[in-house]
Structure formats: structure tokens, C-alpha cells
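Q:
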Amino acid sequence: MDRKLLVVTVAAGVLAAVVGCARGGAEVAAGERPADATTVGVRKAPVSSWAASTCTGFVDTLKTIATFIDYDPTAHGSTERAKRAALDLLNAAIKRTSEIKKKLADGGAPDVADGERIQQLLLTDFAGQIGVFETSRRDTEAIDPAAPNFTESVMRALSGEGNPAAQGEPKVLAVLENTPEIKQAMAAHASCRDLRGALTGQSTL
Numbered sequence: 001m002d003r004k005l006l007v008v009t010v011a012a013g014v015l016a017a018v019v020g021c022a023r024g025g026a027e028v029a030a031g032e033r034p035a036d037a038t039t040v041g042v043r044k045a046p047v048s049s050w051a052a053s054t055c056t057g058f059v060d061t062l063k064t065i066a067t068f069i070d071y072d073p074t075a076h077g078s079t080e081r082a083k084r085a086a087l088d089l090l091n092a093a094i095k096r097t098s099e100i101k102k103k104l105a106d107g108g109a110p111d112v113a114d115g116e117r118i119q120q121l122l123l124t125d126f127a128g129q130i131g132v133f134e135t136s137r138r139d140t141e142a143i144d145p146a147a148p149n150f151t152e153s154v155m156r157a158l159s160g161e162g163n164p165a166a167q168g169e170p171k172v173l174a175v176l177e178n179t180p181e182i183k184q185a186m187a188a189h190a191s192c193r194d195l196r197g198a199l200t201g202q203s204t205l
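Under the working numbering, the first residue of the sequence shown carries the number 1, and numbering increases by one thereafter.
1) What do you get for Asp70, buried or exposed, if any count of 16 or more other CB atoms within 10 angstroms of its CB means buried?
2) Taking 8 angstroms as the cut-off, does the segment 96-109 touch the segment 118-133 (at least 3 CB pairs, one atom from each stretch)?
3) I'd like the list of long-range same chain contacts for Ser136, defined as Cβ closer than 7 angstroms, with 5 residues on each side in sequence excluded.
4) Which value, in whole angstroms, describes the spacing of the CA atoms of Gly24 and Glu116?
5) If you scan the segment 90-162 from start to end, which runs of the alpha helix (DSSP H) of 4 or more residues do you find wholly inside it?
6) Excluding the 5 residues preceding and the 5 following Ala92 in the sequence, name in chain order all residues of the same chain whose CB lies nearer than 8 angstroms to its CB.
7) When you compare only the Cα positions, how much space is there between Gln204 and Phe58?
8) In this structure, how does DSSP classify Ala45 when only helix, strand and coil are distinguished?
9) Which value, in whole angstroms, describes the spacing of the CA atoms of Ala185 and Gly201?
10) Buried or exposed: which applies to Lys101, given that a residue is buried once 16 or more other Cβ atoms fall within 10 Å of its Cβ?
11) Can you grab the Cα-Cα spacing for the pair Ala105 / Cys192, in whole Å?
12) With a 10 Å radius around its C-beta and 16 neighbouring C-beta atoms as the bar for buried, classify Ser78 as buried or exposed.
13) Whole angstroms is fine: what's the gap from Lys45's alpha carbon to Asn178's?
14) Thinking C-alpha only, which one of Ser153, His76, Val112, Asp72 is nearest Arg43?
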């Protein structure tokens, strides 16, 4: 698998985040929230700071994934070391994305109508992205370094190929911009412009 394609494929999991917002709140009704979703409290965050933090969170996650493009399983001297390097990348991605999710949770929900639902879906989908990385880590751990198809297997594991949760479309901006106050706030922040440029291919991070 081409390394550039690897990044595009893995990034699909990030792009799937908050797509759930477009499906309405019924999917995350009270009592039906995933066990790993962070509970949203009553704290409300100003829309401007919430939008900036959310965009920064996505940008930082994409930057973390972009480190995968430098991974070359043939550049580590042995397949055992190549496997360890892949696991190191995934562990770092899990740690960083978990930190981002916690920061977004601690920041509170946007102070808009239906803000808590938007925040809950955001956090649930970040939890899903962490799950994609964790599945890739398990798949990588299971790879035999002595297998003749090691290189192909480790690249496939890193990409999340075959994991339905890693598939998505770049709808994140459109979803958030369904709320006028959030759309206006996003237009004012450089991190949101960076995110839009990265998702549309108009710029790199």
C-alpha cells in the first residue's frame, strides 16, 4: 500500500467524526449512549472558544495521522523493529487523540440550542476514532514479523483497511455549519480555516 494512500485512508476515520451530528439526536438518546462516551455536563462554553478548540482538535488529530506517512516498514533493519515502530505510532496516536477528546470534554458544550447533543456526538465520534487506532494496534500486534507478507499486513493494519469505523466522508465542516452561530464562529478562526483547507485538499497542515 502506498504510504500517501495510507494517510488518506486512515484520515477517513477522522473525517467520519461528527458526521453523526447530521443524523439527528435520536441515535444518542438518553440511556443509549456508548459506554466510552464522555458524559456532557451542564457547563456551556462560548461558541467562539468552542469552535476554535474543536477545529484545533481535528487539526491536531490530522497532524498525528500525518506522521504515519513517514513510516517505512523496510527502513528499520528488521521486521521486528518495523513492527515496534508501527506500534509506537499507534500508541502515540491513541494517547494524543485521547488527550484531545478529554480537553474538548472539559471545555463544555457550545452555548447554542441543542449544544449538549452536538457536544455528545462530537465526543462519541472522537471515542470512535480512538477505537479505530486501538483496532489497528491489535491487528498490528497479531502480525507475525516472519510472515512473507509482513510489509503488506502492517501497512493494511495501520490504514484501518477493512474496519468499517475507519470509513467516512469529509462532511465535518458542513455538519458543524448547520448551526449558524457555530458557522460564524468557525469563519473567524485560523484553525478552522486550516481544517477546511486540509479536508478540501487546498492546503496542507
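In this text, a Cβ means the ideal position worked out from N, Cα and C, and glycines have one as well.
A: The answer reads as follows:
1) exposed
2) yes
3) Leu90, Ala157, Leu158, Gly160
4) Its pLDDT being 43, under 50, Gly24 is placed unreliably in this model, and the coordinates cannot settle the point.
5) 115-141, 150-159
6) Thr64, Thr67
7) In the sequence on display, residue 204 carries Thr and not Gln. When rounded, the distance between both Cα atoms is 14 angstroms.
8) strand
9) 22 angstroms
10) buried
11) 19 angstroms
12) exposed
13) Per the sequence shown, residue 45 should be read as Ala rather than Lys. For Ala45 and Asn178, the distance between alpha carbons rounds to 18 angstroms.
14) Val112
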